[in-house]
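Some notes on the structure that comes next.
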Amino acid sequence: MLSSVNKKLRTGADWQFAFLVLSLTLLGLLFIADASAPQALKFFNNRFYFARQQLVWSLVGIVLFVLFSKINYKFWFRYASVIFFLSVLALILVIVPAFGLKALGARRWLNFGSFSFQPSELIKFALVLYFARLSELKKGLLSFAIPLVLVSFLIMLEPDLGTTLVVAAIGIFQIFISGVNVFYFFILVLTSLFFGVVLIISSDYRRARLMTFLEQTADPLGHGYHITQVLISLGLGGLFGVGLGESKQKYLFLPEAATDSIFAVIAEEVGFLGSLVLIFLFVYLIYRGFKIAILSPDTFSKVTTFGFVVWIGVQVLLNLGSMTALTPLTGIPLPFISYGGSSLVMLLASTGIILNISRHRQERSVLKRFKKRSVLKRR
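As structure tokens, this is what we get:
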């Protein structure tokens, strides 16, 4: 009986969740190789230039996914504060001209020789763990609000409103499930909404994006060019798509074809029905993640899992919303699918921790059944 229990304990992880994560990562590689080919040929004379880079990041991320799935999740409780402090330090460094790499009018990358990294992706990971630690320690609202405001402020200095929205959503959701005073929680939400509106209307660029969203056909060759090309891609795809590799929009008509707008290329090639399959994979992944969170053994693991899953869910909603003209363009990548090493590595690391938590959830369930059987046998 004991050997049977031990075997179940060793194989108790949520393998459906793991399969979904790795499947989405593989699909991302395939679609990046397709969507990035024209740009890679034009600038690097190698159609697989971006795909090869993403493959390297995928391998790094998968190594972390496997490694973190083996590390007991309680390890992260002990070091959450240190990780958060180092992540905030990286955010500060990125806005310093001597360290931060500037591109497209924003400083979002730290440059390390031949590669660069986005601290804003690391801070999502760190914030989830830090807030989960605060929840386990039953800290008050102020303990959550101060770091959330600090992180949001630093990200806006880059500037990056889209990532600020994601971080705020993750933080606010974790604060809610941590059990803080409801009245003060709603004050925090209303305050966040107020400052969000102020940030939008105080910037000419963000205000232009909002106006483009409200009047999408007003300036198809100017501010509305991006969303116009996205909608053309969706229209060309129709129900069944034009075929894998046959996208016309990826030939430098569609901006950010391999990053923010990769879903438009996918929809063009596989159509509405194929897009539904991809959306289903995300929905099922989020469902499995929430199920793991609900059955987690303690507050830290529960809030950690909810935080990581909300991170994925919010980015899926914002990306698909902008690609279907339901929300303004935010520049948020599609998790696991869009080109970008920083995002992919941190997502795979995060889901590795979720997989470890799922293993402990199963351990608790198996041990309970074993104890129950032992009691019945003694009777």
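In terms of the working numbering, the sequence shown is residues 15 to 393.
Every residue, glycine too, gets a C-beta built ideally from N, C-alpha and C.
Query, Result
"S217, enclosing alpha helix (DSSP H) - first and last residue", "Element bounds for S217: n/a, residue is neither H nor E."
"Which listed residue (R121, T365, I371) has its alpha carbon closest to that of V77", "T365"
"Paired residues, beta bridge with F200 - DSSP", "Looking at the DSSP assignment, F200 forms no beta bridge with any residue, so it has no partner."
"Three-way DSSP call (helix, strand, coil) for R373 in this model", "helix"
"Uninterrupted alpha helix (DSSP H) stretches inside the stretch 118-164 (no shorter than 4 residues)", "133-150"
"Reduced DSSP category for K316 - H, G, I as helix; E, B as strand; rest coil", "helix"
"Secondary structure of K264, DSSP reduced to three states", "coil"
"Burial state of G154, where buried means 16 or more other Cβ atoms lie within 10 Å", "exposed"
"Nearest-angstrom Cα separation, counted from P234 out to S50", "23 Å"
"Where N370 falls, given that 16 or more other Cβ within 10 Å makes a residue buried", "buried"
"CB-CB length for S206 against I186, believed under 8 Å", "7 Å"
"Burial state of A32, where buried means 16 or more other Cβ atoms lie within 10 Å", "buried"
"Residue from D174, A363, L73 whose Cα sits closest to the Cα of T318", "A363"
"DSSP state of L115 mapped onto helix, strand, coil", "strand"
"Buried/exposed call for Y87, threshold 16 Cβ in 10 Å", "buried"
"R92 burial status per 10 Å Cβ neighbour count (16 or more: buried)", "exposed"
"Three CB pairs or more closer than 8 Å across the stretch 50-68 and the stretch 331-347", "no"
"Backbone CA spacing between A307 and V181 [nearest angstrom]", "19 Å"
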